[in-house]
Amino acid sequence: MGRYLILNLRLIGMKKQLSFFLILLPLLFSCAPEKSETLLIVAGIGKAGFKDGKQAELNKPIRLATYKNNSVVFADINNHAIRITTLDGEVTTIAGGPDKKGYQDGDASVAKFNSPHGVAYDEINDIIYAAEAGSNLIRTISKTQGGKFIVSILAGIPNEKGFRDGRSDSALFNSPHAVILAKNGGVYVVDIGNARVRLIKDGIVSTVAGSGKSGNEDGECDKASFVYAIDIVSDGENIFVADAGSNLVRKVVPNIGVTTVRLNDTLNTPHGIAVDEHDNLYIADMGSHRILKIDNDGGVTALAGTGNAGSSVNELYKPAAVLVHNGYLWIADLENHQIKILKLNN
Numbered sequence: 000m001g002r003y004l005i006l007n008l009r010l011i012g013m014k015k016q017l018s019f020f021l022i023l024l025p026l027l028f029s030c031a032p033e034k035s036e037t038l039l040i041v042a043g044i045g046k047a048g049f050k051d052g053k054q055a056e057l058n059k060p061i062r063l064a065t066y067k068n069n070s071v072v073f074a075d076i077n078n079h080a081i082r083i084t085t086l087d088g089e090v091t092t093i094a095g096g097p098d099k100k101g102y103q104d105g106d107a108s109v110a111k112f113n114s115p116h117g118v119a120y121d122e123i124n125d126i127i128y129a130a131e132a133g134s135n136l137i138r139t140i141s142k143t144q145g146g147k148f149i150v151s152i153l154a155g156i157p158n159e160k161g162f163r164d165g166r167s168d169s170a171l172f173n174s175p176h177a178v179i180l181a182k183n184g185g186v187y188v189v190d191i192g193n194a195r196v197r198l199i200k201d202g203i204v205s206t207v208a209g210s211g212k213s214g215n216e217d218g219e220c221d222k223a224s225f226v227y228a229i230d231i232v233s234d235g236e237n238i239f240v241a242d243a244g245s246n247l248v249r250k251v252v253p254n255i256g257v258t259t260v261r262l263n264d265t266l267n268t269p270h271g272i273a274v275d276e277h278d279n280l281y282i283a284d285m286g287s288h289r290i291l292k293i294d295n296d297g298g299v300t301a302l303a304g305t306g307n308a309g310s311s312v313n314e315l316y317k318p319a320a321v322l323v324h325n326g327y328l329w330i331a332d333l334e335n336h337q338i339k340i341l342k343l344n345n
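Heads up: the sequence shown begins at 0 in numbering that gives the first Met the number 0, then just goes up one per residue.
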């Protein structure tokens, strides 16, 4: 009789523990951190180097742009090269290389670059644009009738920095970091050292926004200021600038003014910016090692990264750029020397 009583008491105790656990279980899951989306590595084996092919080595990929055949062109800053990757990770170097640091125009096989940062691609004219911070130039890479790539200067004077608008062959830049196509022709440039957004069109360089002073003042385009405007994107009408120095996203309406995009969260060194067809913005938040999505109401959601630097597939180490392309968000994972993708569900 005593054995049955002890067994019964134990069963009652186990039932109470099980009931308590079932009550606690939802609370445990509700307190669990939100899981980031799954990233996939497209290019780069995770160590710095210079090698083409499917086992490619990169050295700090810093900017991305759409390219033909659903591929992506990118600036590989420490390799001083402009390169292409396909979705299945086949990497090809168009121009430059670690042994070709400097300035030289001409055939892409001998052309030299110095710390290229921004890239853009004009599909209609089959031209790649590159913002070259080291030589203070905007360069173009185009094809001859024979199919060879040729590198030329679009604007700026080689290795001469400063600020001057006017004819493109006499205009001056100071560490141009990003370039995008303008809706009505030409290209916009983020000229980081001059704290300005500029336009190159029909052989003339002009200032679109920025007084040249360091600050985060909103207002008319020529009176507004930037601290460290580092990347740029356009939704077709407006220009959005990632200002890594002030941890802000700024909206530029050409010929109208500059305003600060109001967010419900803070950023930590926003280094790259992209936009999708629904006008959602995406931020490569370098300081927090995360990719953030900003909706139309200023809501901020973390899409990828843990908040700490890391080298596993789902971790990022100083993400530098983002690009919406062909259903994916492409990410330049700077210090991991890789390009990764995230499937978009918009």
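All C-beta atoms in this analysis are idealised placements derived from N, C-alpha and C, irrespective of residue type, glycine included. Just so it is clear, the structure is predicted and the values come from calculations on it, not from any experiment.
Can you look up residue i in the DSSP assignment and give me helix, strand or coil?
| i | result |
| --- | --- |
| S287 | helix |
| L180 | strand |
| G298 | coil |
| I50 | It is worth fixing the name first, because residue 50 is Lys in this sequence and not Ile. In this structure, K50 counts as strand in the three-state DSSP scheme. |
| I191 | helix |
| L333 | helix |
| I272 | strand |
| I255 | coil |
| I231 | strand |
| K67 | helix |
| I44 | coil |
| P32 | Bear in mind that a pLDDT of 32 at P32, under 50, signals an unreliable position, so the number given afterwards is only what the model happens to contain. Three-state result, P32: coil. |
| A170 | coil |
Rounded to whole angstroms, what is the Cα-Cα separation between residue i and residue j?
| i | j | result |
| --- | --- | --- |
| N193 | V226 | 10 Å |
| T84 | G48 | 15 Å |
| I340 | D284 | 16 Å |
| I137 | R166 | 13 Å |
| F20 | T305 | Unreliable placement is indicated for F20, whose pLDDT of 36 sits below 50; the coordinate value is still reported in the next sentence. Roughly 29 Å between the two C-alpha positions. |
| S29 | L291 | Only weak support is given to the placement of S29: the predicted model assigns it a pLDDT of 32, under 50, and the value that follows is read from those uncertain coordinates. Computed Cα separation, rounded: 22 Å. |
| I152 | N325 | 30 Å |
| V274 | A110 | 32 Å |
| F172 | V232 | 19 Å |
| K142 | T265 | 44 Å |
| T300 | I293 | 7 Å |
| V321 | S169 | 32 Å |
| D201 | L302 | 40 Å |
| N77 | I203 | 30 Å |
| K215 | I61 | Note that residue 215 is Asn in the sequence shown, not Lys. Their Cα atoms are separated by approximately 24 Å. |
| R163 | A107 | 28 Å |
| H288 | Q144 | 44 Å |
| T37 | I330 | 13 Å |
| Y327 | Y66 | 14 Å |
| L63 | V118 | 6 Å |
| G115 | N246 | First, the amino acid is wrong: residue 115 is Pro here, not Gly. Approximately 23 Å, taken between the alpha carbons. |
| T258 | K53 | 43 Å |
| P157 | K100 | 13 Å |
| L57 | K50 | 7 Å |
| S210 | I44 | 43 Å |
| G297 | F148 | 42 Å |
State the start and end residues of the unbroken beta strand (DSSP E) segment that holds residue i.
| i | result |
| --- | --- |
| V251 | L247 to V252 |
| T84 | A80 to T84 |
| A55 | A55 -> no beta strand (DSSP E), and no H or E assigned at all. |
| G95 | V90 to G95 |
| I238 | I238 to D242 |
| H324 | P318 to H324 |
I think residue i touches residue j, with their Cβ atoms under 8 Å apart; what is that distance to the nearest whole Å?
| i | j | result |
| --- | --- | --- |
| V251 | V260 | 11 Å between Cβ atoms; not a contact. |
| I349 | A129 | Summary: the structure shown does not reach residue 349, with the chain confined to residues 0 through 345, and so no result is reported for it. |
| N113 | Y102 | 6 Å |
| D332 | G271 | Not quite, the Cβ-Cβ distance comes to about 11 Å (not below 8 Å), so this is no contact. |
| V186 | L180 | 6 Å |
| G244 | K182 | So it is not a contact: roughly 27 Å between Cβ atoms. |
Continuous beta strand (DSSP E) assignments of at least 3 residues falling wholly in the segment 111-168: 115-121, 126-131, 136-142 and 148-154
Starting from the N-terminal side, write out each stretch of the alpha helix (DSSP H) that is 4 residues or longer and does not extend beyond the segment 205-229. None, since the segment 205-229 contains no complete alpha helix (DSSP H) of that length.
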